[in-house]
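Notes follow once the structure below has been shown.
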Amino acid sequence: MKRLKVFGSLVKDSLDTITHGSKKYHLWMALLTFVMLAGMYCYSIQLEHGLSVTGMTDRVSWGLYISNFTFLVGVAAAAVMLVMPTYVLKDIDFKQAVLIGEGLAVAALIMCLAFVIADMGGPSVLWHMIPGIGVFNFPNSMLTWDVLVLNGYLFLNITIPFYILFRHYQGKEAKRSVYIPGAILSVFWAVAIHLVTAFLYQGLQARPFWNNALLGPRFLASAFAAGPALIILVLAIIRNFTEFKIQDKTIKKIAMVVTVAAQINLIMLISELFKEFYAPTHHSESAYYLFFGLDGKDALLPWIWTAIPLNVLATVLLTFHKLRNNFKVLFFCCFILFVAIWIEKGFGLIVPGFIPGPYGKIAEYMPTGIEIGVTLGIWALGAFVFTILAKTAIGIELGKLKYKKK
Amino acid sequence: MSSNNNKKWFSLNIGRKEKTSSGSCSCGKSSGGCGGSSNAHHMTNEAFTEAAINASIGEERTKDGFEQVFDVKMDRRSAFKKLTASLLIGAGAVSTSCSVISGDESKEKAQIDWEEQFKGNYKLMTDKEKEATVDRLVRSYQLRTGKNISMSSKNAEEDVLFGYAFNISKCQGYMDCVNACVEENNQDRNSQMQYIRIHEMKDGKGFNFNEADDNYYHEVPAQGHFYMGTQCFHCDNPPCVEVCPVQATWREDDGLVVVDYDWCVGCRYCMAACPYDGRRFNWSKPEVPESEINHNQHYLGNRMRKKGVMEKCTFCVQRSRAGKNPACVEACPTGARIFGNLLDPDSTIRWVLENKKVFRLKEDLGTEPKFWYFMD
Numbered sequence: 010m011k012r013l014k015v016f017g018s019l020v021k022d023s024l025d026t027i028t029h030g031s032k033k034y035h036l037w038m039a040l041l042t043f044v045m046l047a048g049m050y051c052y053s054i055q056l057e058h059g060l061s062v063t064g065m066t067d068r069v070s071w072g073l074y075i076s077n078f079t080f081l082v083g084v085a086a087a088a089v090m091l092v093m094p095t096y097v098l099k100d101i102d103f104k105q106a107v108l109i110g111e112g113l114a115v116a117a118l119i120m121c122l123a124f125v126i127a128d129m130g131g132p133s134v135l136w137h138m139i140p141g142i143g144v145f146n147f148p149n150s151m152l153t154w155d156v157l158v159l160n161g162y163l164f165l166n167i168t169i170p171f172y173i174l175f176r177h178y179q180g181k182e183a184k185r186s187v188y189i190p191g192a193i194l195s196v197f198w199a200v201a202i203h204l205v206t207a208f209l210y211q212g213l214q215a216r217p218f219w220n221n222a223l224l225g226p227r228f229l230a231s232a233f234a235a236g237p238a239l240i241i242l243v244l245a246i247i248r249n250f251t252e253f254k255i256q257d258k259t260i261k262k263i264a265m266v267v268t269v270a271a272q273i274n275l276i277m278l279i280s281e282l283f284k285e286f287y288a289p290t291h292h293s294e295s296a297y298y299l300f301f302g303l304d305g306k307d308a309l310l311p312w313i314w315t316a317i318p319l320n321v322l323a324t325v326l327l328t329f330h331k332l333r334n335n336f337k338v339l340f341f342c343c344f345i346l347f348v349a350i351w352i353e354k355g356f357g358l359i360v361p362g363f364i365p366g367p368y369g370k371i372a373e374y375m376p377t378g379i380e381i382g383v384t385l386g387i388w389a390l391g392a393f394v395f396t397i398l399a400k401t402a403i404g405i406e407l408g409k410l411k412y413k414k415k
Numbered sequence: 026m027s028s029n030n031n032k033k034w035f036s037l038n039i040g041r042k043e044k045t046s047s048g049s050c051s052c053g054k055s056s057g058g059c060g061g062s063s064n065a066h067h068m069t070n071e072a073f074t075e076a077a078i079n080a081s082i083g084e085e086r087t088k089d090g091f092e093q094v095f096d097v098k099m100d101r102r103s104a105f106k107k108l109t110a111s112l113l114i115g116a117g118a119v120s121t122s123c124s125v126i127s128g129d130e131s132k133e134k135a136q137i138d139w140e141e142q143f144k145g146n147y148k149l150m151t152d153k154e155k156e157a158t159v160d161r162l163v164r165s166y167q168l169r170t171g172k173n174i175s176m177s178s179k180n181a182e183e184d185v186l187f188g189y190a191f192n193i194s195k196c197q198g199y200m201d202c203v204n205a206c207v208e209e210n211n212q213d214r215n216s217q218m219q220y221i222r223i224h225e226m227k228d229g230k231g232f233n234f235n236e237a238d239d240n241y242y243h244e245v246p247a248q249g250h251f252y253m254g255t256q257c258f259h260c261d262n263p264p265c266v267e268v269c270p271v272q273a274t275w276r277e278d279d280g281l282v283v284v285d286y287d288w289c290v291g292c293r294y295c296m297a298a299c300p301y302d303g304r305r306f307n308w309s310k311p312e313v314p315e316s317e318i319n320h321n322q323h324y325l326g327n328r329m330r331k332k333g334v335m336e337k338c339t340f341c342v343q344r345s346r347a348g349k350n351p352a353c354v355e356a357c358p359t360g361a362r363i364f365g366n367l368l369d370p371d372s373t374i375r376w377v378l379e380n381k382k383v384f385r386l387k388e389d390l391g392t393e394p395k396f397w398y399f400m401d
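Which chain is which? The protein sequence lines are A and B, in order.
Just so you know, we're using the working numbering here: the first sequence kicks off at 10 and counts up by one.
Just so you know, we're using the working numbering here: the second sequence kicks off at 26 and counts up by one.
Right, here's the structure in full:
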């Protein structure tokens, strides 16, 4: 009973916190709300007319939604790079970052699920996927695995920080024996969500571009670069706008993680390119389309040739200690790395998988305005969720939010 | 009566309950009568009731009180049935009590819609449930358009495995098969959905799909070209079935790979998994002019589809299970298409497979299509 009372008080206090803030904060939330509403309007059009309002066709049947889904699974998985050092290796420098990282994972996972639902032809019959009342094709379909691991990871990432914050809210220290097992489990789980998502594509013998053993590992490497890069950017913003003191040391340590992951990612990229282009076979055509265009069709060239130089530039800059430890350079690198991997893991991976088609047909894909509107709406939703979570978490950690403070 | 009594050896039956049915049926099947044998017609009323009870509760009857309470098997289907039943009761109560002004027809419509929304997967339905959903769909069509259709829920027949062969030296690219297919299967006219693609290939270049044209608008046959048709190949080991997260697509016993349109959630994973470009998606609401609708339908075949679901060639299940050729085979003016039962040694398809040089596409993928190409 007492716990329930504390919980009620926490909900009330956090509602109080998230509805109060500076002018900039209100503007930010208003902007997000507006984008979300616009996205919902676009989605209502899609519900009305079906997926024909998107740029997808029978030839390229997955597009912007699944691209973003794939990328965001990686961002969600990246929280593990903070969780492991803090909870398992007891590295206290990460302690302040970890709640932010987990909040980011929750926001990313909610976005993932939203993207999957937006991509469904029949959202009204999605209950067919709920085990028990539906019919789950487990273990055959990788998509069912994905549903399980994503929701499981979401559960872990909500419960662990919630427990810690709930204790701190009451002015108590969180018990290690309670959250450590969950934290260790989430380390493995994070790897699982991204590997399973990679297997979703990797297992299709019909699509040679995806059907390659490096896909899974490369997913992980790029995720552990892009995710922490985003966390650094978010920490930088939090440092600027709140009293939450994040030490330079913490950011520098995360930067190290980003650097190593980006280097590994680059090595794997070179390995992939070597295989595709040194002795090209029939299977290299998708890669040819992506990097050089096929038969005069070259819609993806500007994208990939933006991504590759940004990726290389960021990795090279990060490699030098002097540059990496300069925060201006670091933030710039994190930003371009994030953009580069978003393009590579999204557009650069999903779309060429379908081009050329099973019989060599080259049909290009271009997202429509409605598709972009829904996508922006979902990103805004993610930012909204994250802002709420972060504001509450920071309030509790700073001691501003406390049970029976008044 | 029981088949156990015919055994020529002795065996200990410890803890094994004999499954004897008191009905006249001795084949041991729990549903659907005895494999087409004629004694099904001579069943007395009593025997029929007995068999029906047997079919519905099955082994529950042989259990004692303790087992009935504590060892009730709750498989997905029965769990689903129970859930649906309770939902239906609630819905029925709500719809009858709340709507005073609405007429009987709209009440019936609402009832049908509700039952259709929450029905189970066709693959897991009993024959009775299959009939019920087919009846509902027919009635719903009647209520909406005032017209009658006939819809079948015929299951695969025993000792039938369908196969298809395509003669690449005979096909001239007339596309009659494509048009017949669209008309037969009620495909969406707006998006010009077609299950069959005819690839025009240059002579002397082999099967070079990259340089082939599957969307030509000139006079055929074009000089120096040959034609090759592709459609769903009804694989023995279909990748599309493996990946479906909700088992909305599966391979029937006669080899047809089918889709339950009402169970499909529209994720298009099967489409990405198909190496033969055999699947189509309804990106918008499919529309067929009322006058062109084919009223002879099968649940798994050419019944009307909705937006956001997958569909595909079913070898015209509504025709092939009625002993006819698919529409494409019938329409082909050159006789390039051969269809038949692979298990029937006297069928044309068997003759082709035994006497012609045949090959299959992308054999290295191990999907074992039941679709062969050959030449004269």
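C-beta: ideal position from N, C-alpha, C; glycine also.
Taking 8 Å as the cut-off between beta carbons, the residues of the segment 143-161 of chain A near chain B are Gly143, Val144, Phe145, Asn146, Asn149, Ser150, Met151, Leu152, Thr153 and Val156, in sequence order.
Shown here, Asp100(A) sits in coil according to DSSP, grouped into three states, outside any helix or strand. Within the segment 356-372 of chain A, the residues whose Cβ lies closer than 8 Å to some Cβ of chain B are Gly362, Phe363, Pro365, Gly366, Pro367, Tyr368, Gly369 and Lys370, listed in chain order. Inside the segment 258-286 of chain B, DSSP marks whole beta strand (DSSP E) runs of 3 or more residues at positions 274-276 and 282-284, from first to last along the chain. Here the segment 273-292 of chain B makes contact with the segment 182-189 of chain B; the two share three or more CB pairs at distances below 8 Å. Taking 8 Å as the cut-off, the Cβ atoms of Cys121(A) and Ala86(A) do not count as close.
DSSP lists Arg222(B) as the beta-bridge partner residues of Thr255(B).
Annotated as proximal: Lys337(B) and Val284(B), with beta-carbon spacing under 8 Å. Per DSSP, the continuous alpha helix (DSSP H) segment holding Phe16(A) begins and ends at Lys11 to Thr28. Against chain B, a Cβ distance below 9 Å from Asp67(A) picks out Ser216, Met218, Met296, Asp302, Arg304, Arg305, Phe306 and Trp308. Using a Cβ-Cβ cut-off of 7 Å, His224(B) is close to Tyr368 of chain A, given in chain order. Taken in chain order, the members of the segment 261-277 of chain B whose beta-carbon sits within less than 7 Å of a beta-carbon on chain A are Pro264, Glu267, Val268, Cys269, Pro270, Val271 and Gln272. Against chain A, the CB of Trp288(B) has a partner CB under 8 Å away; the residue lies at that interface. Here the C-alpha atom of Glu285(A) lies approximately 11 Å from the C-alpha atom of Pro217(A).
Neighbourhood of His58(A) in chain B, by CB distance below 7 Å: Ser309, in chain order. Scanning its chain for C-beta atoms nearer than 7 Å, with the 5 sequence neighbours on each side dropped, one finds around Leu224(A) the residues Ala207, Tyr210 and Gln211, in chain order. Boundaries of the beta strand (DSSP E) around Met176(B): Ser175 to Ser177. For Asn366(B), the enclosing beta strand (DSSP E) has its first and last residue at Arg362 to Asn366. For Val334(B), the neighbours in chain A by C-beta distance under 8 Å run, in chain order, Gly130 and Gly131. The beta-carbon of Asn235(B) is placed less than 8 Å from the nearest beta-carbon of chain A.
Taking a Cβ-Cβ cut-off of 7 Å, Asn319(B) has no neighbours in chain A, whose nearest Cβ is about 22 Å from it. Annotation: the continuous alpha helix (DSSP H) that includes His35(A) extends over Lys32 to His58. A contact is defined here as three or more CB-CB pairs under 8 Å, and the segment 369-382 of chain A fails this definition with respect to the segment 306-319 of chain B. Classified as buried, Thr384(A) has 16 or more neighbouring CB atoms from the shown chains inside 10 Å of its CB. The C-alpha of Gly369(A) is placed about 15 Å away from the C-alpha of Gln214(A).
Contact of Gly291(B) with chain A by beta-carbon distance below 7 Å involves Met129, Gly130 and Gly131. Sequence-distant Cβ neighbours of Arg227(A) in its own chain, meaning closer than 6 Å and more than five residues away, are Met277. Fully enclosed beta strand (DSSP E) runs of no fewer than 3 residues occupy 175-177 of the segment 144-179 of chain B, in order along the chain. Of the candidates Lys261(A), Ala389(A), Met65(A) and Leu19(A), Leu19(A) places its Cα closest to the Cα of Leu174(A). Within its own chain, the residues whose Cβ lies closer than 7 Å to the Cβ of Gly48(A), once the five positions on either side in sequence are excluded, are Gly382, Val383, Leu385, Gly386, Ile387 and Ala389, listed in chain order. About 5 Å separates the beta carbons of Val203(B) and Ile221(B), which is inside the 8 Å limit, making them a contact pair.
Think of a sphere of 9 Å around the beta carbon of Asp228(B): no beta carbon from chain A falls inside it, the nearest being about 18 Å out. Here Val62(A) carries a helix assignment [DSSP, helix/strand/coil]. Secondary structure within the segment 328-376 of chain B: the alpha helix (DSSP H) runs of 4 or more consecutive residues, fully enclosed, are 342-345 and 352-356 (chain order). Within its own chain, the residues whose Cβ lies closer than 7 Å to the Cβ of Asn321(B), once the five positions on either side in sequence are excluded, are Ser175 and Gln343, listed in chain order.
DSSP, read as helix, strand or coil, puts Gly326(B) in coil.
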